[in-house]
Each structure stands twice: as C-alpha cells, then as structure tokens.
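So the sequence shown is numbered by full-length UniProt numbering: it starts at 1 and just counts up by one. One structure below.
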Amino acid sequence: MDYVAALFAPTVMAVAFTFLIVTIVRSQGGANKYKEDAAVDAALAAANPNSRPAQPDRGEAARSAD
1 MDYVAALFAP TVMAVAFTFL IVTIVRSQGG ANKYKEDAAV DAALAAANPN
51 SRPAQPDRGE AARSAD
C-alpha cells in the first residue's frame, strides 16, 4: 500500500494542473477577448496620453504610394 500513498500526491497534482491548463485555454478568446483588449487599450491610453492609436500595417506598396 506504500505505492498508493507514493502515487497519490503526484496524481492529484497532475489532475489539478490539467484542469488549470484547460481553464486557461478556455478563457482565451471568445466574447471576453474584446472586453480585455479594450480594457488594456484604455489603460495604456491613460498611462500615455500623447501616444497615437496603432495603425494597421498597409504594406510596402501603400507606403510608396503615400
């Protein structure tokens, strides 16, 4: 029965770690992603009021035409 006691703690920790990873993966993206992105953008704008919002990269051809 010593082997059961020796394997119990690592097994419990492995199961808990698996649930932690599954929870993290499930919480990424989805409807909450835009809320979190907006909160980060607002915090960055408040921290640095002189910065411009990031412009999407339009490619090299668009730069040469400007």
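Backbone N, C-alpha and C define an ideal beta-carbon position, used for all residues, glycine too. No experiment lies behind these values; they were computed from the predicted model shown.
### Continuous alpha helix (DSSP H) stretch holding ASN32: start and end
31–47
### Message
Taking only three categories from DSSP, how would you classify MET13?
### Response
helix
### Task
Determine the direct distance from the alpha carbon of ALA9 to that of ALA16, and round the result to whole angstroms.
11 Å
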